[in-house]
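Take a look at the structure set out below.
In full-length UniProt numbering, the protein residues as written are 1 to 269.
Here it is, written out as structure tokens:
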């Protein structure tokens, strides 16, 4: 029976999302650096990253598979078949967790039918153990393996199991919007700087404000509109800012950005 104390965790591909996942697992204390193995196309670059993170660099994907119990697929979606197909005969009984966007169970099953696999959609805040892992309900994990995967990923933040029809948009909301939030932080930082705050101070204020607002929403379960109204006093300062955002199409810009991402995913853009 697998447990986090002894499981060996592998990464095939060690880019941004794979690295964020590995670092989050180590930061949480659930997995020690010596339990993690990774391979990547650029071995020299991998060795530098591995030295920084304290993990084992591997020269080939076969080495990762032979060594590890749980393997994360950390390559781009278009590379999954080319990278994983040559491994299909050595994946029997391995737990495969795909980080590749929009690569669902049916695709994984066709490529590696002997493996026990699940498709996921994570976001980069997993590196701080405050992220999201959306997992596809349709998968080939046993109940015991599913429980282990849930326990493992829960160290990184919120874990949600979704059907395929909703996983795509769920992944967009969870995975793409940290970039939107970073832009919002940057804009607020510019505003704070314009009015006299130093960058280190204003960014710390903004980061804590966002973290606190998110935690308050999760804890209270209040509707976002209710949370907004609670800050907006009649004839006060906040409602002036809110009305200015409305005048400049704040809500429409956010909704349209999601629409355009969906269009891109579905080949309409």
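Even glycine gets a Cβ: it sits at the ideal position worked out from N, Cα and C.
Answer yes or no: do residue 214 and residue 202 have a C-beta to C-beta separation smaller than 8 Å? No, they are not a contact pair.
Taking only three categories from DSSP, how would you classify residue 135? Residue 135 falls in the strand class under three-state DSSP.
Is the beta carbon of residue 231 within less than 7 Å of some heavy atom of the ligand MN? Although the ligand MN was asked about, the structure shown includes no ligands whatsoever.
From which residue to which residue does the alpha helix (DSSP H) around residue 111 run? Run containing residue 111: 105-111, per the alpha helix (DSSP H) assignment.
So, under 8 Å CB-CB, residue 39 and residue 60 are touching, yes? Tell me the CB distance rounded to an integer number of Å. Correct: roughly 6 Å between the Cβ atoms.
If residue 62 and residue 10 are in contact, beta carbons under 8 Å, what's the gap, nearest whole angstrom? With a Cβ gap of about 11 Å, residue 62 and residue 10 do not count as contacting.
Pairing CB atoms from the stretch 115-122 with CB atoms from the stretch 161-178, are three or more of them under 8 Å? The count of Cβ pairs closer than 8 Å, one atom from the stretch 115-122 and one from the stretch 161-178, reaches three, so the stretches are in contact.
Helix, strand or coil, according to DSSP, for residue 198 in the structure here? Residue state, collapsed to three classes: coil.
With DSSP as the reference, label residue 249 as helix, strand or coil. Coil.
Would you be able to state if there are at least three C-beta pairs under 8 Å between the stretch 26-43 and the stretch 151-163? Output reads yes: the stretch 26-43 touches the stretch 151-163.
Go to residue 122, then tell me how far its alpha helix (DSSP H) extends in each direction, as first and last residue. Element bounds for residue 122: not the alpha helix (DSSP H) but the beta strand (DSSP E), 116-122.
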